[in-house]
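Peer 1:
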Amino acid sequence: MSADYYSRLERAGGPQPSEQMVASIAQGLHLSLDERDHLFSLAGYRPPTSGRTSDHVSPGMMRALDRLTDTPAEVSTELGETLRQTPMGAALTGDTTRFTGPARSIIYRWFTDEKQRDLFPPDLHELHSRAFASGLRAAVGRDGPESRAAHISALLLKESREFVYYWDRYEIGVKLSETKRLNHPEVGLLELNCQTLLDPERSHRLLIYTAVPGSESWEKLRLLSVIGVQQRS
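Have a look at this one:
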């Protein structure tokens, strides 16, 4: 969006923006949910659904993310749908905000696209499969049969035999370690600590990846900041 286009919108002299554009403006201005809803009404649209399924990141969490410019970080939903990334976050894991539809969820991609597993060492794949199936089962139980979680689980039950196997184990509460091992295509194996800040109202998570200062992984993160975002499918 150009500065001229935004200026015309402020003066009520431009064309009606799309709902997607209104949502982007609201997020860019760090509006609260009430302010966002008012902006949608002014633009002639019904405000999006709020609560646990909302993709609108809270102003406080956005301010925190904005301060992490030199750190790999991202805001995601409980279904692993990336809503925002820092530049270093995209350099570490790729631009995961680009996906649409069910593929927005890392859980869906994990069981339907083998390339999504390349970032993780093979010895961690089974734990990830168990944790993703377990987390999705908990989300379906909590949010109900009409939820996004239920929709994703229904798709995976049709599309992935592996998902069916882990789904049928009825596991709940399988967790991934806070220490993440990631196999980056440019800098190699990284061992990072992943700290999580939770917004319980929207069930959003701010994930922050750090390395022990002076460690090999710390040096690799410094190199990654120079290399920048890698274009990976």
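In short: position in the sequence shown from 1, add 840, done, that's my numbering.
We put the beta carbon where it would ideally sit given N, CA and C, even for glycine.
Can at least three beta-carbon pairs, one atom from the stretch 1014 to 1024 and one from the stretch 958 to 966, be found at a separation below 8 Å?
Peer 2: Yes, the stretch 1014 to 1024 touches the stretch 958 to 966.
Peer 1: Contact check, Leu919 vs Ala989 under 8 Å by CB: the rounded distance?
Peer 2: Taking the first residue of the sequence shown as 1, we reach residue 919 at position 79. Taking the first residue of the sequence shown as 1, we reach residue 989 at position 149. Contact holds; Cβ gap of about 6 Å.
Peer 1: For the putative contact between Ser974 and Val1014, defined by C-beta atoms under 8 Å, what is the C-beta separation to the nearest angstrom?
Peer 2: Your numbering for residue 974 matches position 134 in the sequence shown. Your numbering for residue 1014 matches position 174 in the sequence shown. Correct: roughly 4 Å between the Cβ atoms.
Peer 1: Starting from Lys1020, follow the beta strand (DSSP E) in both directions and report where the run begins and ends.
Peer 2: Taking the first residue of the sequence shown as 1, we reach residue 1020 at position 180. From DSSP, the beta strand (DSSP E) with Lys1020 extends over 1019 to 1024.
Peer 1: Hey, Met901 and Val915 are a contact pair by Cβ (cut 8 Å); roughly how many whole angstroms apart?
Peer 2: Residue 901 sits at position 61 when you count from the first residue of the sequence shown. Residue 915 sits at position 75 when you count from the first residue of the sequence shown. About 6 Å separates the two Cβ atoms, so the contact holds.
Peer 1: Going along the chain, which residues of its own chain have a beta-carbon closer than 7 Å to the beta-carbon of Val1052, five neighbours each way excluded?
Peer 2: Your numbering for residue 1052 matches position 212 in the sequence shown. So the qualifying residues of the chain are Trp1058.
Peer 1: Helix, strand or coil: which one does DSSP assign to Leu1047?
Peer 2: Position 207 of the sequence shown holds residue 1047. Note: Leu1047 maps to strand in three-state DSSP.
Peer 1: Going by CA-CA distance only, name the one from Ser881, Ser993, Met861 that's closest to Thr952.
Peer 2: Position 112 of the sequence shown, counted from the start, is the residue given in the question as residue 952. The option with the nearest alpha carbon to Thr952 is Ser993.
Peer 1: Assuming Leu1064 is part of the alpha helix (DSSP H), what are its boundary residues?
Peer 2: Counting from 1 along the sequence shown, the entry for residue 1064 is found at position 224. Element bounds for Leu1064: 1056 to 1067.
Peer 1: Within 10 Å of its beta-carbon, does Thr1076 have 16 or more other beta-carbons around it, so buried, or fewer, so exposed?
Peer 2: The question about residue 1076 has no answer here: the residues shown for the chain are numbered 841 through 1073.
Peer 1: If you compare alpha carbons, which of Ser945, Glu1031, Lys955 is closest to Phe972?
Peer 2: Stepping through the sequence shown from its first residue, residue 972 is reached at position 132. The option with the nearest alpha carbon to Phe972 is Ser945.
Peer 1: Spell out the partners DSSP gives Val1014 in its beta bridges.
Peer 2: Here residue 1014 corresponds to residue number 174 of the sequence shown, with the count starting at 1. Val1014 pairs with nothing; no bridge assigned.
Peer 1: Thinking C-beta only, is Arg1045 closer than 8 Å to Ser894?
Peer 2: Within the sequence shown, numbered from 1, the residue matching residue 894 stands at position 54. Within the sequence shown, numbered from 1, the residue matching residue 1045 stands at position 205. Contact flag unset, no.
Peer 1: What did DSSP end up calling Gly862 once you bin it into helix, strand or coil?
Peer 2: Translated into the one-based positions of the sequence shown, residue 862 becomes position 22. For the sequence presented, residue 862 should be read as Val rather than Gly. Of the three classes helix, strand and coil, the one that applies to Val862 here is helix, per DSSP.
Peer 1: On the three-state DSSP scale, how would you describe Leu919?
Peer 2: Within the sequence shown, numbered from 1, the residue matching residue 919 stands at position 79. Note: Leu919 maps to coil in three-state DSSP.
Peer 1: Could you check where the alpha helix (DSSP H) with Thr933 kicks off and where it finishes?
Peer 2: Locating residue 933 in the sequence shown gives position 93, counting from the first residue. Thr933 -> alpha helix (DSSP H) spans 927 to 933.
Peer 1: Please report the distance separating the alpha-carbon of Cys1034 from that of Ala930.
Peer 2: Your numbering for residue 1034 matches position 194 in the sequence shown. Your numbering for residue 930 matches position 90 in the sequence shown. Their backbone Cα atoms lie some 15 Å apart in a straight line.
Peer 1: With respect to the beta strand (DSSP E) encompassing Glu1031, which residues constitute its N-terminal and C-terminal limits?
Peer 2: Here residue 1031 refers to the residue found at position 191 of the sequence shown. 1028 to 1039 is the span of the beta strand (DSSP E), which, as asked, contains Glu1031.
Peer 1: What do you get for Gly934, buried or exposed, if any count of 16 or more other CB atoms within 10 angstroms of its CB means buried?
Peer 2: On the sequence shown, residue 934 is found 94 positions in, with the first residue counted as 1. Buried, because 16 or more other Cβ atoms sit within 10 Å of the Cβ of Gly934.
Peer 1: What are the residues that DSSP puts in a beta bridge with Arg924?
Peer 2: Position 84 of the sequence shown, counting from 1, holds the residue named residue 924. Arg924 pairs with Val915.
Peer 1: The alpha helix (DSSP H) spanning Leu967 covers which residue range?
Peer 2: What you label residue 967 is simply residue 127 of the sequence shown in a count that begins at 1. Per DSSP, Leu967 belongs to the alpha helix (DSSP H) from 965 to 983.
Peer 1: Can you give the beta carbon distance from Val897 to Arg924, rounded, assuming they're within the 8 Å contact cut?
Peer 2: Position 57 of the sequence shown, counting from 1, holds the residue named residue 897. Position 84 of the sequence shown, counting from 1, holds the residue named residue 924. Rounded, the Cβ-Cβ distance is 6 Å, consistent with contact.
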